[in-house]
Structure formats: structure tokens, C-alpha cells
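Enquirer:
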Amino acid sequence: LATNRGIRIRSPEFACFGVRWCIDIFPGGAAESKHGSVSVFLTNMTDEKSVDLYFGFSIKDSDFRDVNYRVEKVNRVFEPWGNTGDSRGCANFAKRVDLMSALATGA
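This is the structure in C-alpha cells:
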């Protein structure tokens, strides 16, 4: 996995409640991340529809224990694809070393 900031891995698109989404992971962190952080963002891929929702991310180990967990405490508006605000997430979701350790032990 990339360790440089700004290198994105994008999931295939998926649909939920009539909206197309993808998850963007920056293993080396997004441009604004702290050194050693992994970034995770949820992106609205639907062209014509804003979406207002609560969301969160969770990484679990092979025993289904949380390695890291983050939930937004307020509703966020996801603008249609291609607009400012189409993506929301965590620039400093987790320490890269913690996630790599969990992956090495079977997460």
C-alpha cells in the first residue's frame, strides 16, 4: 500500500437507498492528513441528488473487535458528484501502523 500522501484507492461503486457511493482510502493519508495517518472518505457518486445523513467507518480485526471506529455526530450533506462537498470523511482516521498491524494479524 502507498505511503505517500494523496494517493487514493477507490472502491467499486455500490448503491444504498437509491444513491450510488464509493469509498476512498488514502493509505498514506490525504494531502491535509497528519504524518502516519490513513484517510477514509465516503463519496456521493450520484449526479443529481444531494443526500443528508449520519455515517461512520469501522475497521475490525479477525475476532470482530474494533481496530478503529469513527462516527459523525451530526448530519452531513453530501452534494451531487462533481460538486464541492460530494465527499465526507476522516483525514486522520487511524494511525497507519495500527491498521497495518491488524492486517498482518488477520483483520
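Using the working numbering, read the sequence shown as starting at 468 and increasing by one per residue. Using N, Cα and C, we set each Cβ at its ideal position, and we do this for glycine too. Just so it is clear, the structure is predicted and the values come from calculations on it, not from any experiment.
Just confirm the distance between the C-beta atoms of residue 579 and residue 481, as a whole number of angstroms; I'd bet it's less than 8 angstroms.
Expert: Examination of residue 579 is not possible in this model, given that the chain is present from 468 through 574 alone.
Enquirer: Strictly by DSSP, which residues pair up with residue 537?
Expert: For residue 537, which the question treats as bridged, DSSP gives the partners 524.
Enquirer: Please report the straight-line C-alpha distance between residue 513 and residue 569, rounded to a whole angstrom.
Expert: So the alpha carbons of these two residues sit roughly 33 angstroms apart.
Enquirer: Is residue 560 buried or exposed, if buried means 16 or more other CB atoms sit within 10 Å of its CB?
Expert: Label assigned to residue 560: buried.
Enquirer: Expressed to the nearest angstrom, what Euclidean distance is found between the alpha-carbon atoms of residue 486 and residue 530?
Expert: Those two C-alpha atoms are separated by around 31 angstroms.
Enquirer: With distances taken from CA atoms, which of 516, 525, 537 is nearest residue 548?
Expert: Ranking the options by Cα distance to residue 548, first place goes to 516.
Enquirer: Who are the near neighbours of residue 541 in its chain, counting only those whose CB is closer than 7 angstroms to its CB and skipping five residues on each side?
Expert: None.
Enquirer: Measure from the alpha carbon of residue 533 to the alpha carbon of each residue in 474, 565, 519, 475, then state which is nearest.
Expert: Ranking 474, 565, 519, 475 by Cα distance to residue 533 puts 565 first.
Enquirer: Can you tell me which of 499, 469, 504, 496 puts its alpha carbon nearest to the alpha carbon of residue 562?
Expert: That would be 504, whose Cα lies nearest to the Cα of residue 562.
Enquirer: Of the choices 535, 469, 524, 495, whose alpha-carbon is the least far from that of residue 510?
Expert: Selected option, being the one with the closest Cα: 524.
Enquirer: Run through DSSP, which three-state label would residue 570 get?
Expert: Looking at residue 570 - three-state DSSP - the assignment turns out to be helix.
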